[in-house]
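The structure under discussion appears below in the form of structure tokens.
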Amino acid sequence: MSFSRVYKETVLDSSFENWKKLLNHYFRINEAHLLMLAKTEILPKSLVVEIAQALSELENEKIDEKLPDGVEDLVFLIERKLSQKIGIEKAGFLHTARSRNDIDATIFRMCVREKLLEIAAELIDLVERLSKKAEQNVRTFLLMYTHGQPAQPSTLAHYLLSLAFDSLEVLEGLILATRVVNLCPMGSAAITTTGFRIDREIVSDYLGFFEPIENSYRAIVTSNWINMALDPLKVLAIDLARFAQDVLHKASCEVGIFSFPDELVQISSIMPQKRNPVILEHLRIRSSVSFGFFNAVEVAFLNTPYQDVNENGDFVLFKFLDGAEVLKQALKLTKEIIEKMTVNEDRVKELSLSTGSTATELADHLVREFRISFRQAHQIVSEYIKSGMRYGSLVENFERLTGKRFTMSPSKVAEVLSVENFVRVRQVMGGPGEKSIEEMLEKLRERIRRGERVIEETKIFIEESLKKLWNDFASLVAGG
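Just so you know, the UniProt record's numbering puts the end of the sequence shown at 480, numbered straight through with nothing missing.
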């Protein structure tokens, strides 16, 4: 068959380049399928051995640089090469009871599960580093912002643990997604299975899947499996981009809370004073770009029929794989940022006091000490801040609005307004107090352990399945 030059160059050649990267998965499917055909006695043992030996030779040969004329894709190319070795009358039996549809769907799931497990491993490492950094900075003060304005002081531990718990939820989402992705389409053939008495579980087990997909039509046409994998990845990309933007703000000259070593800073070619923490911008870029790739995959399925369509093909898959690689880069940059950023606590205290960021605690103290309502206390302290924090204004407004005598000394007011006091009294669950942080760390460690255990068990399950495939196929090649 001769294809249009434009179609071949634009679609087939591009697809061939993609498929060369999937070749390892394709050979594993060939091996598992052939072993199943032997075990179910659909093909005679002598023929199976001959095909296996030819496949083994073929895997060690260099694949064509370009797609030959008249060949549609890699599947047909491998079949042609196999036929050149043992003849079409023998090689053609390998395609018994299967289709490019279930082959493609299976390969794509193998690719995606691989990327999900890689990202999960990076994510576990990130959470562990966040946990370690938080543990080291329980008493390191940090000014928190809301709506872009100074809000309340807290600690670096409190700040980092927020991102850690967000990341854990993403990890748990990836674990759920992996359960959906790691189901085997093989045996579904085109869409309705086959009249041959195949055993789908044999192939599923060899390839490291949890089980065959229960509905053969769904196995071919569904986009749920990849879209469910996209959800936690898009959430992670958003989280990392927001983190980058927030740290970038806090590292600005105007704020000056976060600092970075020279190894993470670039200078200007003309302005001698510039120290640009560009690692944060590169994190933000990669987070946003990965989100764009994932969004492209999701959007590709909008308004497409619930059938086997090319949106389920390699072109869209590789947008996912590109997004996954960029997101892994973002995770690596995030870990470097976490490891090496430092807090300027003097600047934190200066900003906290000059902006009145500890004022909430003064209002709370007035409620506890003088038994007035919080709304009254809020108004009194608000007027105090507006006055430039003049002690006389505090006394005057307190006595005018409550009718009570104000008995706090200036030194006591200063003590209540200190950053140290603000953080120390916040011992409620979830707050920045030391006891609360320790409780958070313990919960975090337990959830990390659970997630790590599940990911490791899944990786071992897949590795052992593929090892059994390798051993059984090697035995088949040897004539056993």
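Ideal placement from N, C-alpha and C gives every residue a C-beta, glycine not left out. The structure presented is a predicted model; accordingly, all values stated were derived computationally and were not measured.
Secondary structure within the stretch 312-370: the alpha helix (DSSP H) runs of 4 or more consecutive residues, fully enclosed, are 314-340, 345-354, 359-370 (chain order).
For residue 52 against residue 45, the beta-carbon gap comes to about 10 angstroms, at or over 8 angstroms, which does not count as contact. Rounded to whole angstroms, the separation of the alpha carbons of residue 70 and residue 13 is 12 angstroms. Within the stretch 119-175, the runs of beta strand (DSSP E) that reach at least 3 residues and sit entirely inside it are, in chain order, 141-146, 149-155.
Apart from the 5 residues on each side of it in sequence, residue 123 sits with its Cβ closer than 8 angstroms to the Cβ of 167, 170, 171, 174, 236, 331 in its chain, given in chain order. Residue 265: not part of any alpha helix (DSSP H); DSSP gives it neither H nor E.
By the neighbour-count definition (other C-beta atoms within 10 Å, threshold 16), residue 152 is a buried residue.
Excluding five sequence positions before and after residue 372, the CB atoms of its chain that fall closer than 7 angstroms to its own CB belong to 366, 402, given in chain order. Within the same chain, and ignoring the five residues on either side of residue 283 in sequence, the residues whose Cβ sits closer than 7 angstroms to its Cβ are 240, 244, 330, 333, 334, 337. Selection 121, 164, 292 evaluated against residue 135 yields 164 as nearest (Cα-Cα). Per DSSP, residue 306 is not a residue of any alpha helix (DSSP H), being assigned neither H nor E. Across the structure, residue 103 and residue 272 are spaced so that their CA atoms are roughly 59 angstroms apart.
By the C-beta density criterion, residue 208 is buried, having at least 16 other C-beta atoms within 10 angstroms. When beta bridges are read from the DSSP output, residue 211 appears opposite 183. Cα atoms of residue 450 and residue 377: separation of roughly 46 angstroms, rounded to the nearest angstrom. Linking residue 106 to residue 112 through their CA atoms gives a straight-line distance of about 10 angstroms. In the three-state scheme derived from DSSP, where H, G and I count as helix and E and B as strand, residue 259 is classed as strand. Straight through space, the alpha carbons of residue 442 and residue 345 are spaced by roughly 26 angstroms. Closest by C-alpha distance to residue 342, out of 217, 157, 64, is 157. Residue 445 has its alpha-carbon roughly 8 angstroms from the corresponding atom of residue 131. Shown here, residue 101 sits in a helix according to DSSP, grouped into three states.
Between the stretch 211-231 and the stretch 466-475, the count of Cβ pairs shorter than 8 angstroms is below three; the stretches do not touch.
At a Cβ-Cβ threshold of 8 angstroms, residue 380 and residue 359 do not count as neighbours. Residue environment for residue 305: exposed (fewer than 16 other C-beta atoms within 10 angstroms of its C-beta).
Bounds of the alpha helix (DSSP H) holding residue 458 are 434-477. Under the DSSP assignment, residue 60 falls outside any alpha helix (DSSP H); it carries neither an H nor an E label.
The C-alpha of residue 133 is placed about 26 angstroms away from the C-alpha of residue 325.
Residue 141 is a Cβ neighbour of residue 348, given a cutoff of 8 angstroms.
Scanning 224, 267, 234, 23 for the CA closest to the CA of residue 58 turns up 23. Residue 396 and residue 355 have their C-alpha atoms roughly 21 angstroms apart. Ranking 49, 398, 19, 18 by CA distance to the CA of residue 33 puts 49 first. Separation of residue 471 and residue 203 (C-alpha to C-alpha, rounded to the nearest whole angstrom) is 14 angstroms. Distance from the CA atom of residue 218 to the CA atom of residue 143, rounded to whole angstroms, is 52 angstroms. Contact check for residue 90 against residue 126 fails: the beta carbons are separated by 8 angstroms or more. Here the alpha carbons of residue 415 and residue 253 stand approximately 29 angstroms from one another. Measuring C-alpha to C-alpha distances from residue 225 to each of 250, 188, 184 identifies 184 as the nearest.
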